[in-house]
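**Student:**
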Amino acid sequence: MCNVKLSDRDDETKLLDTRRIKVYKEILVGPNTYPHDYSSKILLMGKWVRNCGFEPDDRLTISVYKGRIVIEKEKPGTIDTKLLAREQKASEKFLKERIKQLVSPDVFKRLSFKNGEITMKK
400 MCNVKLSDRD DETKLLDTRR IKVYKEILVG PNTYPHDYSS KILLMGKWVR NCGFEPDDRL
460 TISVYKGRIV IEKEKPGTID TKLLAREQKA SEKFLKERIK QLVSPDVFKR LSFKNGEITM
520 KK
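Numbering (our numbering), first residue to last: 400 to 521.
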């Protein structure tokens, strides 16, 4: 007798449960919001969330389509490209400000900062 399991992919695509939930309205209050502005809010909570494999502090990827949202656990080592770009931009801004403090204004005007590289303008 031979037991064969072809792949774990079958387990990943197997429907575990179907839930019906509501989209809530969250009124936005703040200095940069309009009086009748709101956000839509979806709250997922319960043992069923844990039972399908989501644990506290898990990192998630949310793919957004028209009329459909897909939530998946991130694989270890996944890089958040938007966060990486924000951090790189902040780092470049800090570096530019620091160089501005260290060199004379005439030298700073001749520097070019592009794509993480610093060159002298001709």
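Think of the CB as a built atom: it goes at the ideal place given N, C-alpha and C, for glycine as much as any other residue. This one's a predicted model, so the numbers in the text were calculated from it and none came from an experiment.
Please go through the same chain and pick out, in chain order, the residues whose beta-carbon is closer than 7 Å to the beta-carbon of Lys-438, but skip the five residues on each side of it.
**Tutor:** By one-based count along the sequence shown, residue 438 stands at place 39. The question names Lys, yet the displayed sequence has Ser at residue 438. Counting only Cβ-Cβ distances below 7 Å, and skipping sequence neighbours, we find Glu-425, Leu-427.
**Student:** Give the secondary structure of Ile-420 by DSSP, where H, G and I count as helix, E and B as strand, and everything else as coil.
**Tutor:** One-based indexing of the sequence shown puts residue 420 at position 21. DSSP places Ile-420 in coil when its eight states are reduced to three.
**Student:** Among Gly-445, Val-422, Cys-451, Tyr-423, which one has its Cα closest to the Cα of Lys-413?
**Tutor:** Against the sequence shown, residue 413 aligns to sequence position 14. Nearest C-alpha to Lys-413: Cys-451.
**Student:** Considering only residues of the stretch 466-499, which uninterrupted beta strand (DSSP E) runs meet the minimum length of 3 residues and lie entirely inside it, listed in chain order?
**Tutor:** Complete beta strand (DSSP E) runs here, min 3: 467-472.
**Student:** Which residue marks the beginning of the alpha helix (DSSP H) containing Phe-453, and which one marks its end?
**Tutor:** Numbered from its first residue, the sequence shown carries residue 453 at position 54. Careful: Phe-453 lies outside any alpha helix (DSSP H) and carries neither H nor E.
**Student:** So is Ser-490 in contact with chain D if we call contact Cβ pairs under 8 Å?
**Tutor:** Annotation note: the requested chain D is absent from the structure, which comprises a single protein chain.
**Student:** Tell me the DSSP bridge mates of Leu-427?
**Tutor:** Within the sequence shown, residue 427 is the residue found at index 28, counting from 1. Answer by DSSP bridge pairing: none, since Leu-427 is not bridged.
**Student:** Measuring only the C-alpha atoms, how far is Arg-509 from Lys-499?
**Tutor:** The residue given as residue 509 occupies position 110 in the sequence shown. The residue given as residue 499 occupies position 100 in the sequence shown. Looking at the two C-alpha atoms, the distance is approximately 11 Å.
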